[in-house]
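Be aware that the sequence shown starts at 0, since it is given in numbering that gives the first Met the number 0, and climbs by one per residue. The structure appears below as C-alpha cells.
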Amino acid sequence: MPTLILVRHGRSTANTAGLLAGWTPGVALDERGAAQAAALPARLAELPIAEVVTSPLQRCLETVQPLLDARGLRAHSDERIGECHYGDWSGRKLAELKDEPLMEVVQAHPSAAAFPGGESMRSMYSRAAEAVREWNARVERDHGPDAVYLMCSHGDIIKSLVADALGLHLDLFQRISVEPCSITAIRYTRLRPFLVRLGDTGDFSSLVPRAEPSGSDATVGGGAGAP
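Pasting the structure below:
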C-alpha cells in the first residue's frame, strides 16, 4: 500500500494573529509561511510523488503551489481533509477561547467535543480517516503498491490521522504536535500502518526552552510554530 506524506500548511496570517481560522475565507500564508512553501520542493526532492491532494482552503492551496509548479502536477481538492468546522469559534482569538467551558473538553475528552454551530471532533476524525483509506486505494490502483502521495491539510486533521495510524483513541490526540509546514509520513501496509516521520520541519528552534512555558494545553488548530 502507498506511503502518505502529510504536510501541514505553512504559517498563516491567522496563526500569527492568534486566531482560530477554521473555514474562515481569505486566510492566507504570511511571509514566513510563503517562504516555508517555497522551500517545500527542495525538502521533498527525493520523493517520487504520484499525486497531491489538498484541503480546499487557501492556506493549503498556497502551500502546495510551489511543489505543483516544480513537479508539473495538479492538486486534487478534498473537503474531507479540510479544517475542522469550528462553527461559532471560527475567527475568534485563541486567548479568549481558553476561558470557554468547552475548551476543557477539547483538551481532555475531544471525542465528546462538538463545536457550537460546527462539527464534532469525532466527525472530523472519521471523515479524514475515510478520505485517506479511499485515497490509499485509488493511488495503489493507479500508481502501484509502492507509490508515494501527498496530502496538505491542517493541524488537527493531521494529528487525528496520526492517532488513527497508531491506534490511539481520539482522546489522546492532543498529545501530538505538528508545526506549520511540517512533514509527517505514514507507510500503510495490508495489516498495519507505520508512522515513519512526525512533524519534521528540520528546524529545532521550537525546542529551545522559553521564559514562559506554553503550559499543558494543546493549541487548537495546531499553533504557529517557532517564533
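Beta carbons: idealized from backbone N, C-alpha and C, even for Gly. Values in this document were obtained by computation on a predicted structure and should not be read as measured data.
* Are Q57 and A27 touching if we call contact CB-CB under 9 Å? -> With contacts defined as CB atoms closer than 9 Å, Q57 and A27 qualify as a contacting pair.
* Between the CA atoms of P179 and H8 - distance to the nearest angstrom -> Using only the alpha carbons, I get a separation of about 6 Å.
* Opening and closing residue of the alpha helix (DSSP H) in which D163 lies -> Looking at the DSSP string, the run of the alpha helix (DSSP H) that includes D163 is 154-165.
* **Boundaries (first-last residue) of the alpha helix (DSSP H) holding T53** => DSSP places T53 in no alpha helix (DSSP H) but in the uninterrupted beta strand (DSSP E) bounded by 48-53.
* Asked: What first and last residue would you give for the beta strand (DSSP E) that runs through A184?
  -> Following the DSSP letters along the chain, one finds A184 inside the beta strand (DSSP E) bounded by residues 182-187.
* Could you check how far apart the C-beta atoms of V147 and I48 are, in whole angstroms? I think they sit under 8 Å. => Indeed they touch by this definition, with Cβ atoms about 6 Å apart.
* Asked: In chain order, which beta strand (DSSP E) runs of at least 3 residues are fully inside the region 83-160?
  -> With a minimum length of 3 residues, the unbroken runs of beta strand (DSSP E) contained wholly in the region 83-160 fall at 147-152.
* Asked: Between the beta-carbon of P55 and the beta-carbon of G81, is there less than 9 Å?
  -> Yes; because the gap between Cβ atoms is below 9 Å, this pair is in contact.
* If you run the structure through DSSP and keep just helix, strand and coil, what is G17? -> Reduced to three states, the DSSP call for G17 is coil.
* Just checking, does the region 34-44 make contact with the region 14-21 on the three C-beta pairs under 8 Å criterion? -> Taking a cut-off of 8 Å on C-beta distances, the region 34-44 does not touch the region 14-21, as fewer than three cross pairs fall below it.
* Candidates T200, S159, L67: closest to S122 by CA position -> Nearest option by C-alpha distance: S159.
* To do: Let me know if G154 comes out buried or exposed under the rule of 16 or more other beta-carbons within 10 Å of its beta-carbon.
  => With 16 or more other Cβ atoms within 10 Å, it is buried.
* Asked: Leaving out five residues before and five after G198 in sequence, what residues of the same chain have Cβ atoms less than 7 Å from its Cβ?
  -> Its chain contains S176, V177, E178, S181, T183 as the residues whose beta carbon lies nearer than 7 Å to that of G198, once the 5 sequence neighbours on both sides are disregarded; these appear in chain order.
* Below 8 Å, can you find three or more Cβ-Cβ pairs linking the region 28-37 to the region 1-15? -> The region 28-37 makes contact with the region 1-15, as at least three CB pairs between them are under 8 Å.
* What is the DSSP secondary structure of L67, counted as helix, strand or coil? -> Helix, per DSSP.
* To do: Following the continuous beta strand (DSSP E) through R7, name the residue where it begins and the one where it ends.
  => That run of the beta strand (DSSP E) goes 2-7.
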